[in-house]
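Below: one structure, written as structure tokens.
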Ligand SMILES: Nc1ncnc2c1ncn2[C@@H]1O[C@H](COP(=O)(O)OP(=O)(O)O)[C@@H](O)[C@H]1O
Ligand SMILES: Nc1ncnc2c1ncn2[C@@H]1O[C@H](COP(=O)(O)OP(=O)(O)O)[C@@H](O)[C@H]1O
Ligand SMILES: [Mg+2]
Ligand SMILES: [Mg+2]
Ligand SMILES: [Mg+2]
Ligand SMILES: [Mg+2]
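Protein chains in written order, with our numbering: chain R, 1 to 205; chain A, 1001 to 1205; chain U, 2001 to 2331; chain E, 3001 to 3331.
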């Protein structure tokens, strides 16, 4: 994964979010305050602008810029969560120009840890951390990351939030009424991972 | 017309209003604030209560009590208008125990004048005065009041308010938009006169 | 009908009870009436100011009872003028020997009922004067009609006359300023949704999702004109334009701007309207010396706003700035 | 969607503009931010109090900026916590050398963004402390969840900490009282209708004509429970009962009662609820030393109310009564 892959990753994510803005908002209306699609789209619009304007040396630089966009333009829960994830991911990349699968795994773990730390989240609490945790486990299963497998596990983890009762985030206020609805942040995180898989799979082939 | 006729008049009116409460409210919603049925019903409930409780010597006494109910329990435009009409009608009856047709005509004129004075209303302004004015004219046409004729003219006058543009009362605020709707106060006044006609016609027969 | 009430015919009574329970040191209810007075009424040595009208306009009018504004407020049923005997009770309770001034909004019902009360008071030897507020420019003014309604601008009349009374003005001086004042206050309103009178149980009119009413009053009545949905800036321009037909807006003129929410319009939107009006007035060189934004004279849960301009001068500046201590408006 | 706005993505910006245009002598906007500060900020020699959160709760929070309450308010997008850099700008602008205190409502987003700002400020050597308000008893409290939301009771925290700061309390004393205070404030809300986030363009949930939500927050989120329509008295009892599970109501206890309208509930209905709560508290022998009724922390145009009780003592009595001069709350 080089800096161009990193840029493509985020731009692909941005397009997914843009076209799913209403869907994410609907999900967030069911269990939250109905702004997740709006929040994510605002941050990614800004990030995409920065990625188009500036040039970057390393994947770490790219993720640093994306992190800033999230932290300074999004707010809400997803701003600091995605922002911290990207910041720590960037830190884990260090100054490397190209990331090997080992580095990608470390990057994903750094992001997942950041989400957990920022959100004080545990597995099974119906938050995006559930997806992050599954992603890291799936990526680490094989020495060469099996993206097909990661995708499947990511999808499973996102879908699994549906039957959970939320313990963190706004959905927790609904108590048992949160059961039966997908967690919006988990669905957007799944999109982030799908974009990464697309970019790195195609890089492999 | 004796005191019992006067009581029957008002009790009949009360029943008409009670069963037309929603209709009058609908009419008032179209051109006013939607409370004419409620206002009239409140006043007449109270008046009926007083008429059932107390005994009266003369028609004038009855109308005095009704006037007090309107003035002290209704408010809005219809309270002082009906209240003043009844008060002046009562005054015109004086202490007479029985009213001849001449007296009834004078009573109707006193009521019409009171409405005109209180409301500073003129004919054609789409208010209950339009009906009162027609009632007085129709009653005075023959020496013995022709109640069938009075009824017809009353109905005509009330219906005619539909095509008028209001100049007084809340409907006037609608300007040309008031055209095409019956004036609620004119419709309730028509009911008052119908009740009177019923009582006095049957008294004749 | 979705309302937090117990019984549609008891809403006024229970609201007044609630106000007195909530503000026992400020307000007192005259037994058996719908009149709320200042706890310390009658205040000796100053004319008393009374206002009132139908209920459903809260905080108007009882919310403005207190030092620096009203001595009493008389509440009728929802959107129904109070009866003369209620107004008369208020007059008797607050007269401190310097006379009583009635602030009446120009509705047939209010005018008739308050006039009857004034006649009753005069018969008892109480000095009563009154003004009829008719700030709503939505309706054409004409001597052949009942004229214009009194709407949100009435609150400014309360404020100014209340301040004058505290300052030592006589009943005559108050009456004189009141006449000038009502000529210098112009308002224009609009609505996005109707409201429901509790006893009626259904909305006064219906509006499609892409329609609004311009020139709405404060009684759930339809407006003067129905249009498509306008933006906040367009709405502000439409309201101001109508006001301008009546009040010449000249450079270096001083005005007070009152933005009034009708009940369900978020303060956020009221400030967006205020912003637009400020920009428009600035373009004309008109100086806004004071802006008041909020819900002062509502129409139950109607969504909408009105814009009011008051021509200012030095005296009015002082009266507006003077201390006021009421439950809904404090200075 | 019927709103008096120009552009859904500009509502916060235009609202803040409107506030400054309307109150130029009271408020100042930090250039390029969504922060409003007291005109005279930074005030030397007293700790500064900052609050903020998503917009759509007006008058909270910017309406409480002024002497005796907040030194600054930071506004995020509608129902979205502001970003850490905005909060940090506010901290820098109001720090008068005695430190800065942040009032945070307990939402994941608010807590994370404000904490990040506090970290940034500390890195610059500014003394920052904060409290997380979690007055909403609708949700079960548990150390395994994000805990309870902060809702209308937050306004009382602004009032009391603001008064303490004016009175000369140190940052440490403020932080100490704040911790006690939030344990003594309990709120419970309900709604009759949902609201529409401008950018979402449609309501957050739907309710049938005969349904209401109990335990609603202030973000258009569904409540904890859906019931049939209750009367005002029943609603008050349901809310108070839930509060009582958390705050023992004993004879001779002193409380402040705050009735908060969520945006579209007429003041009339708020007072009918207040009446009901007063009756219930009286039956329990609890003394209401102060009642505050109105729209303080709204949820755009949602219809509904919340009831808040605050345990009172002599100090709090004084702090609540202390002078406050903000655009939305004056004492
Ligand atoms: N404490 C937390 N830890 C991890 N993720 C969280 C936490 N709280 C919320 N989230 C995630 O954030 C998402 C909501 O984001 P968003 O709607 O943008 O913010 P907000 O809840 O402030 O409106 C949730 O769907 C959930 O995945
Ligand atoms: N100036 C007036 N003169 C005569 N009748 C009037 C006048 N103003 C209003 N009315 C009558 O009063 C009726 C409205 O009564 P009502 O709805 O009870 O009072 P309000 O208008 O105060 O709500 C109108 O339909 C009209 O007939
Ligand atoms: Mg959300
Ligand atoms: Mg009417
Ligand atoms: Mg009426
Ligand atoms: Mg949010």
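Just so you know, even glycine gets a beta-carbon here, dropped at the ideal spot from N, CA and C.
Residue i - DSSP class collapsed to helix/strand/coil
i, result
"residue 2127 (chain U)", "coil"
"residue 1001 (chain A)", "coil"
"residue 2326 (chain U)", "strand"
"residue 2064 (chain U)", "helix"
"residue 2319 (chain U)", "helix"
"residue 1172 (chain A)", "helix"
"residue 3174 (chain E)", "helix"
"residue 3167 (chain E)", "helix"
"residue 3300 (chain E)", "coil"
"residue 2249 (chain U)", "coil"
"residue 2949 (chain E)", "Because chain E here runs from 3001 to 3331, residue 2949 (chain E) falls outside it and cannot be looked at."
"residue 162 (chain R)", "helix"
"residue 1199 (chain A)", "helix"
"residue 3019 (chain E)", "helix"
"residue 188 (chain R)", "helix"
Identity of the residue in the options nearest residue i by Cα
i, options, result
"residue 2106 (chain U)", "U:2244, U:2115, U:2294 and U:2320", "U:2115"
"residue 3177 (chain E)", "E:3311, E:3330 and E:3031", "E:3311"
"residue 1159 (chain A)", "A:1145, A:1094, A:1149 and A:1181", "A:1181"
"residue 3015 (chain E)", "U:2036, U:2292 and U:2272", "U:2272"
"residue 3284 (chain E)", "E:3322, E:3240 and E:3134", "E:3240"
"residue 3233 (chain E)", "E:3218, E:3278, E:3161 and E:3026", "E:3278"
"residue 3034 (chain E)", "E:3045, E:3084 and E:3270", "E:3084"
"residue 2253 (chain U)", "U:2008, U:2134, U:2306 and U:2281", "U:2281"
"residue 18 (chain R)", "R:91, R:199, R:156 and R:188", "R:188"
"residue 3181 (chain E)", "E:3209, E:3062, E:3263 and E:3255", "E:3255"
"residue 2146 (chain U)", "A:1128, A:1124, A:1119 and A:1144", "A:1119"
"residue 1116 (chain A)", "A:1107, A:1129 and A:1060", "A:1129"
"residue 14 (chain R)", "R:27, R:3, R:50 and R:178", "R:50"
"residue 1088 (chain A)", "A:1098, A:1104 and A:1097", "A:1104"
"residue 2287 (chain U)", "U:2250, U:2314, U:2175 and U:2293", "U:2250"
"residue 148 (chain R)", "R:56, R:200 and R:126", "R:200"
"residue 3109 (chain E)", "R:97, R:64, R:99 and R:39", "R:39"
N- and C-terminal bounds of the beta strand (DSSP E) containing residue i
i, result
"residue 3038 (chain E)", "3035-3038"
"residue 2206 (chain U)", "Looking at the DSSP string, residue 2206 (chain U) is not in any beta strand (DSSP E), and its letter there is neither H nor E."
"residue 3287 (chain E)", "3287-3294"
"residue 62 (chain R)", "First-last for residue 62 (chain R): 59-73, but that is the alpha helix (DSSP H), not the beta strand (DSSP E)."
"residue 2053 (chain U)", "2048-2055"
"residue 3261 (chain E)", "3254-3261"
"residue 3359 (chain E)", "This structure cannot settle anything about residue 3359 (chain E), because the visible part of chain E is limited to 3001 through 3331."
"residue 3103 (chain E)", "3100-3105"
Residue i, enclosing alpha helix (DSSP H) - first and last residue
i, result
"residue 3077 (chain E)", "Unbroken run through residue 3077 (chain E) is the beta strand (DSSP E), 3072-3078; no alpha helix (DSSP H)."
"residue 3272 (chain E)", "3267-3283"
"residue 42 (chain R)", "36-53"
7 angstroms Cβ cut-off: residues of chain D touching residue i
i, result
"residue 1124 (chain A)", "The question asks about chain D, but that chain is absent: this structure's protein chains are R, A, U and E."
- Query: Of the residues that make up the stretch 1025-1037 of chain A, which ones have a beta carbon closer than 7 angstroms to any beta carbon in chain U?
  - Reply: 1025, 1029, 1032, 1033, 1034 and 1035
- If contact means a Cβ-Cβ distance below 7 angstroms, which residues of the stretch 3242-3254 of chain E contact chain U? none
- Task: Would you list, in chain order, the members of the stretch 3287-3319 of chain E that have their beta-carbon closer than 7 angstroms to a beta-carbon of chain U?
- Result: 3291, 3293, 3298, 3300, 3301, 3303 and 3305
- Task: Determine, using beta-carbon pairs with one atom in the stretch 2147-2164 of chain U and one in the stretch 2184-2192 of chain U, whether at least three such pairs fall under 8 angstroms.
- Result: yes
- With 8 angstroms as the C-beta to C-beta threshold (strictly closer), list the residues of the stretch 1167-1200 of chain A near chain U in chain order. 1167, 1168, 1169, 1170, 1172, 1173, 1174, 1175 and 1177
- Do three or more CB pairs link the stretch 1134-1153 of chain A to the stretch 1163-1176 of chain A at distances below 8 angstroms? no
- Are three or more beta carbon pairs between the stretch 2129-2139 of chain U and the stretch 2188-2204 of chain U nearer than 8 angstroms? yes
- Cβ-based contacts, 7 angstroms cut-off: residues of the stretch 105-125 of chain R near chain E: 118 and 119
- Task: Check whether the stretch 3192-3200 of chain E touches the stretch 3300-3310 of chain E, counting contact only when three or more Cβ pairs, one atom from each stretch, lie closer than 8 angstroms.
- Result: yes
- Listed from N- to C-terminal order along the chain, which residues in the stretch 2037-2061 of chain U have their beta-carbon within a distance smaller than 7 angstroms of any beta-carbon of chain E? 2055, 2056, 2058 and 2059
- Item | the stretch 2071-2083 of chain U / the stretch 1066-1077 of chain A touching (three or more Cβ pairs under 8 angstroms) | yes
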